[in-house]
Every structure is written in structure tokens, then in C-alpha cells.
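A.B. asks: Here it is, the structure in full.
In our numbering, the protein residues as written are 983 to 1378.
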């Protein structure tokens, strides 16, 4: 187990109806809020109304920026930076899913640090610009998936280049996250399912990508996986089940908070692969992860069989004593779980063929390739390896 430091500086406010706390929390950081959110949707109108009412009651002026699209673009974020500076706001409030929260974190940090949001992302070909600070961010997640409400990261899409990457900085970590399960009840079944798979992928990335032993991290991760497996089906069955919504939301927040990686340094290859899939096609990140997950697990099963078999036994009830056989069974067990919730998907289901595989492979290595022209993983991945995952995700 490696030495580690871990901090969760975000103040978490959890509970049904706790959106009422937004105004008082924002008031502690400023008098004028830049309200970053998605375009108005009738089914979610109560979320915006509740948030704005709380801010108004606390005397916090608001400027609404509701241009955030799924997989937020450089253009949208840079325009948000311009409007933020122009309006003189002093705190950023994000209400929405991971896209809205990521966008808010970019706006808050780029407004303080200067330049364009794309200057700061990870690219194999250049050194990212460093952040020098950020305006305070308050996050109100309305989708359980990304976990962006309590971490330093954020993903952004360059629509001109059709590239998708990320950046991280402690300056960007939200000061407060208000996790109110009532705000998540309006989510469509498809978004709930895809978001749940995204959470699952966050939980397994570090668990499966390194042989390093960190039993405490394993147990944290396994507890969240088992919680997700129990409550995600309930949330899909009844979107108004607040207990189920709340438990899934907490798995989302803690699942990408770093607690799942204590004492080990893993890698996130399925994220690297998916980023370029949803950069080229109109797919949510969660849907892309849902598509790639089975082939990814199948491909890597023989890389670290002790890790794969451990997860298969502890979370999926596999009883096979041979590690290699148990590891290979994991992918099939995950597929059964996805199918039981009717969320299993393939590229074919989305009308996607192999016509862009080569371009996406080029982009993956441009973004994340090592000097040896590989992608970090349980074993370093070559171009042919990643293509194998794409081909395995095609379906019928």
C-alpha cells in the first residue's frame, strides 16, 4: 500500500428538501451568483424554481447562464467565462448533471486564471497551463453519475477538433455540494441507468488497474458497488423512491472522490477510450461507458486475474476458486446485471459502426498516449488493443 494524502474539502449537505439551504450557503461566498445550468426543461422546472427561490430569499442576486449542453464545449464554457466577468458575479452556482458542474468549475477557474478553457486540458502533445485560482463553486447535482460535485476534475469537448479531454486542480473543488434526492426524481429511466453505469465504472477503474494491495480502498469500493447494485434497480423501477435515489447519489459523490483509490495509483483507460467516442457521436458519457464496459472487462480479465477474480467473488457471487476462470467470469456477470436492469447497450443499438474507429484511435493517442505510444491500464494498451475493445462493443 502506497503512502497517501486524501482530503474532501467540500462541505456536503444531504437530504430531501435541502435545496432550501442553497441561498444561505451561497451567501457565505458572495452577493451575486452566476447560475450555471442546462437549457430549461419542463419536467425539471421545479429544480430551477427551487434553487432560484432559495437564492432570492437569502438576498443573493443571480445571473442565469443556461447554455450548457451534454459534454460541454470549449465555446460554451469560454462564453460563460466572458459573461461571468462582464456581470461581476463573485460565486458560481452549478445546478445540473456532471456537464453543468464541470462547466461551472471551468468557468470559475478560467475566469480567475485567464486564457481559454482548452489551454488547461491534458494533451500528450503539450504541457497544460496551470490554474492560479478559482472563484468559489457551489454544486447542486441533479443527475447521479459524474461525482463532479466533490472533486477537482472536469471534462470538456473541443467541437472543432472533435477531441475531449480533462483537467484537474484543487482550486476547482466545489466549496459546497447540496445533494437533494428530490431533485433527481424527474430523471428519465435511460439517464438513471447510464448514470449508474458511469458510477460503477468510476468504482472499478482503480480497483482493477493496479496490483497494489489497499484493503481499505477495496472495502470502500466494494461497499459502494454493493450499495449501487441494490439501489440502482429500485431507482429504475420507481423514480420517486427517495431512499434509492439518495443512496445512488451518495455512491456518485463518494465514488469519484478519491476514497476508492487510497494507497494505490491506478489508471482510467475506459474513460480515455470513451471520451473520444462521445466526442465523435451524440452520446452521453454514461451511455458510452455502458457500451464499452463489457468488452473492456473481457479484454483485461487476464491482465490482473487476482484483482478481477476478487471483485467477481466479493460483489458478484462467483464461487470459482481458480483466479483465471473467476476473472474471466466477471464480464459475463456484469452483462447479466446490466441486462437485468435493461440498460445493456452496444454500438449497434446506437446506430454506430466501425467507420470512425481509426479516427477515434488517432485521437485517443493524441490526447493520452505515452512516449511509447501506449495508453496506461492494467497492462499498457496499444492501438490494436483499444480497437479490440471497440470491435467487441459493436454488438449484432
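Just so you know, even glycine gets a beta-carbon here, dropped at the ideal spot from N, CA and C.
Here the structure is a predicted model, which is why all the values come from computation and not from measurement.
Less than 8 Å separating the beta-carbons of residue 1044 and residue 1085?
C.D. replies: Translated into positions along the chain shown, residue 1044 becomes position 62. Translated into positions along the chain shown, residue 1085 becomes position 103. Result no, Cβ atoms of residue 1044 and residue 1085 do not sit closer than 8 Å.
A.B. asks: Once DSSP output is grouped into helix, strand and coil, what is the label at residue 1150?
C.D. replies: Counting from one through the chain shown, the residue named residue 1150 turns up at place 168. Residue 1150: strand per DSSP, three-state reduction.
A.B. asks: When the distance is taken between beta carbons, is residue 1181 closer than 8 Å to residue 995?
C.D. replies: Sequence index remark: in the chain shown, residue 995 carries index 13 (1-based). Sequence index remark: in the chain shown, residue 1181 carries index 199 (1-based). The answer is no: Cβ separation not under 8 Å.
A.B. asks: How far does the beta strand (DSSP E) with residue 1077 in it reach, from first residue to last?
C.D. replies: Numbered from its first residue, the chain shown carries residue 1077 at position 95. 1073-1078 is the extent of the beta strand (DSSP E) around residue 1077.
A.B. asks: Whole angstroms are fine: how far does the CA of residue 1369 sit from the CA of residue 1036?
C.D. replies: Numbered from 1 along the chain shown, position 54 holds the residue referred to as residue 1036. Numbered from 1 along the chain shown, position 387 holds the residue referred to as residue 1369. Answer to the nearest angstrom: the Cα atoms are 49 Å apart.
A.B. asks: Should the stretch 1169-1189 be called in touch with the stretch 1197-1217, which here means at least 3 C-beta pairs below 8 Å?
C.D. replies: They touch, by the three-pair rule.
A.B. asks: Please report the Cβ distance between residue 1078 and residue 1128, rounded to the nearest whole angstrom; I am assuming they are in contact, meaning their Cβ atoms lie under 8 Å.
C.D. replies: As a position in the chain shown, residue 1078 is number 96, starting the count at 1. As a position in the chain shown, residue 1128 is number 146, starting the count at 1. About 10 Å separates the two Cβ atoms, so there is no contact after all.
A.B. asks: Can you say whether residue 926 is buried or exposed, counting buried as having 16 or more other CB atoms within 10 angstroms of its CB?
C.D. replies: Shown here, the chain extends from 983 to 1378; a query on residue 926 therefore has no answer.
A.B. asks: Following the continuous alpha helix (DSSP H) through residue 1251, name the residue where it begins and the one where it ends.
C.D. replies: As a position in the chain shown, residue 1251 is number 269, starting the count at 1. Start and end: 1251-1262.
A.B. asks: Could one say the Cβ of residue 1079 lies closer than 8 Å to chain B's Cβ atoms, at least one of them?
C.D. replies: Of the protein chains in the structure, only one exists, and it is not chain B.
A.B. asks: Is it right to say residue 1095 is buried, meaning 16 or more other beta carbons lie within 10 angstroms of its own, or is it exposed?
C.D. replies: Sequence index remark: in the chain shown, residue 1095 carries index 113 (1-based). Burial call: buried.
A.B. asks: Pick out whichever of 1259, 1191 and 1126 has its Cα sitting closest to the Cα of residue 1234.
C.D. replies: One-based indexing of the chain shown puts residue 1234 at position 252. Answer by Cα proximity: 1126.
A.B. asks: As a quick exercise: from 1049, 990 and 1194, pick the residue whose alpha carbon is nearest that of residue 1246.
C.D. replies: Here residue 1246 is taken as the residue at index 264 of the chain shown, counted from 1. The candidate whose alpha carbon is nearest that of residue 1246 is 1194.
A.B. asks: In terms of residue numbering, what span does the beta strand (DSSP E) encompassing residue 1043 cover?
C.D. replies: Along the chain shown, read from residue 1 onward, the residue named residue 1043 stands at position 61. Counting along the chain, the beta strand (DSSP E) containing residue 1043 begins and ends at 1043-1050.
A.B. asks: Are residue 979 and residue 991 closer than 8 Å when you measure CB to CB?
C.D. replies: With the chain represented from 983 up to 1378, any question about residue 979 goes unanswered, as that position is not in the structure.
A.B. asks: Measuring alpha carbon to alpha carbon, tell me which residue in 1266, 1249, 1040 and 998 is nearest residue 1332.
C.D. replies: Start at 1 with the first residue of the chain shown, and residue 1332 comes out as number 350. The shortest Cα separation from residue 1332 among 1266, 1249, 1040 and 998 belongs to 1266.
A.B. asks: For residue 1307 and residue 1361, what's the separation of their Cα atoms in angstroms?
C.D. replies: Within the chain shown, residue 1307 is the residue found at index 325, counting from 1. Within the chain shown, residue 1361 is the residue found at index 379, counting from 1. Their Cα atoms are separated by approximately 19 Å.
A.B. asks: Confirm, please, whether the CB-CB distance from residue 1073 to residue 1022 is below 8 Å.
C.D. replies: Within the chain shown, the letter at position 40 stands for residue 1022. Within the chain shown, the letter at position 91 stands for residue 1073. In this structure, residue 1073 does not lie closer than 8 Å to residue 1022 by Cβ.
A.B. asks: Count the C-beta pairs between the stretch 1327-1345 and the stretch 1218-1229 that are closer than 8 Å, then say yes if the count reaches three, no if not.
C.D. replies: No, the stretch 1327-1345 is not in contact with the stretch 1218-1229.
A.B. asks: Find out if the Cβ-Cβ distance for the pair residue 1029, residue 1124 is shorter than 8 Å.
C.D. replies: For the purposes of this step, residue 1029 is taken as residue 47 along the chain shown, with counting starting at 1. For the purposes of this step, residue 1124 is taken as residue 142 along the chain shown, with counting starting at 1. Closer than 8 Å, so yes.
A.B. asks: Within a Cβ cutoff of 7 Å, which residues of the same chain sit near residue 1151, ignoring the five residues on either side of it in sequence?
C.D. replies: Along the chain shown, read from residue 1 onward, the residue named residue 1151 stands at position 169. 1091, 1113 and 1134, listed in sequence order.
A.B. asks: Taking DSSP as the reference, what is the three-state secondary structure of residue 1135?
C.D. replies: For this step, residue 1135 is matched to residue 153 along the chain shown. The answer is strand: DSSP assigns residue 1135 an E or B state.
A.B. asks: I'd like the span of the beta strand (DSSP E) that includes residue 994, first residue to last.
C.D. replies: Here residue 994 refers to the residue found at position 12 of the chain shown. Residues 993-996.
A.B. asks: In this structure, how does DSSP classify residue 1209 when only helix, strand and coil are distinguished?
C.D. replies: Numbered from its first residue, the chain shown carries residue 1209 at position 227. Correct three-state label for residue 1209: helix.
A.B. asks: Assuming the contact rule is C-beta atoms closer than 8 Å, residue 1138 and residue 1103 should be a hit. Round their C-beta distance to whole Å, please.
C.D. replies: Within the chain shown, the letter at position 156 stands for residue 1138. Within the chain shown, the letter at position 121 stands for residue 1103. Right, their Cβ atoms sit about 6 Å apart.
A.B. asks: Please return the same chain residues whose Cβ sits closer than 6 Å to the Cβ of residue 1271, not counting the five positions on each side in sequence.
C.D. replies: Your numbering for residue 1271 matches position 289 in the chain shown. 1179, 1180, 1183 and 1256.
A.B. asks: Exposed or buried, what is residue 1289 when buried is set at 16 or more other beta-carbons lying within 10 Å of its beta-carbon?
C.D. replies: For the purposes of this step, residue 1289 is taken as residue 307 along the chain shown, with counting starting at 1. Residue 1289 comes out buried.
A.B. asks: With the cut-off set at 8 Å, would you say residue 1199 and residue 1226 are in Cβ contact?
C.D. replies: Taking the chain shown and counting its residues from 1, the one referred to as residue 1199 is at position 217. Taking the chain shown and counting its residues from 1, the one referred to as residue 1226 is at position 244. The answer is no: Cβ separation not under 8 Å.
A.B. asks: For residue 1190 and residue 1286, what's the separation of their Cα atoms in angstroms?
C.D. replies: If you number the chain shown from 1, residue 1190 lands on position 208. If you number the chain shown from 1, residue 1286 lands on position 304. Approximately 7 Å, taken between the alpha carbons.
A.B. asks: So, at 7 Å on beta carbons, what are the nonlocal neighbours of residue 1060 in its own chain, with the 5 sequence-adjacent residues on each side left out?
C.D. replies: Counted from its first residue, the chain shown places residue 1060 at position 78. Cβ neighbours of residue 1060 beyond the five flanking positions: 1098 and 1099.
A.B. asks: Inspect the beta-carbon positions of residue 998 and residue 1142 and report whether they are closer than 8 Å.
C.D. replies: Along the chain shown, read from residue 1 onward, the residue named residue 998 stands at position 16. Along the chain shown, read from residue 1 onward, the residue named residue 1142 stands at position 160. Contact: no.
A.B. asks: Would residue 1007 be called buried (16 or more neighbouring beta carbons within 10 Å of its own) or exposed?
C.D. replies: One-based indexing of the chain shown puts residue 1007 at position 25. Burial call: buried.
A.B. asks: With a Cβ-Cβ cutoff of 8 Å, do residue 1278 and residue 1367 count as a contact?
C.D. replies: Stepping through the chain shown from its first residue, residue 1278 is reached at position 296. Stepping through the chain shown from its first residue, residue 1367 is reached at position 385. Not a contact, by the Cβ cut-off of 8 Å.
A.B. asks: By how many angstroms is the C-alpha of residue 1345 removed from the C-alpha of residue 1324?
C.D. replies: Taking the first residue of the chain shown as 1, we reach residue 1324 at position 342. Taking the first residue of the chain shown as 1, we reach residue 1345 at position 363. Computed Cα separation, rounded: 31 Å.
A.B. asks: Beta-carbon within less than 8 Å of residue 1069's beta-carbon, same chain only, minus the 5 sequence neighbours each way: which residues are those?
C.D. replies: Translated into positions along the chain shown, residue 1069 becomes position 87. So the list reads 1014, 1016 and 1045, once near-sequence residues are dropped.
A.B. asks: Among the residues of its own chain, which have a CB less than 6 Å from the CB of residue 1300, if the five just before and after it don't count?
C.D. replies: Numbered from 1 along the chain shown, position 318 holds the residue referred to as residue 1300. Hits under 6 Å: 1294, 1308 and 1311.
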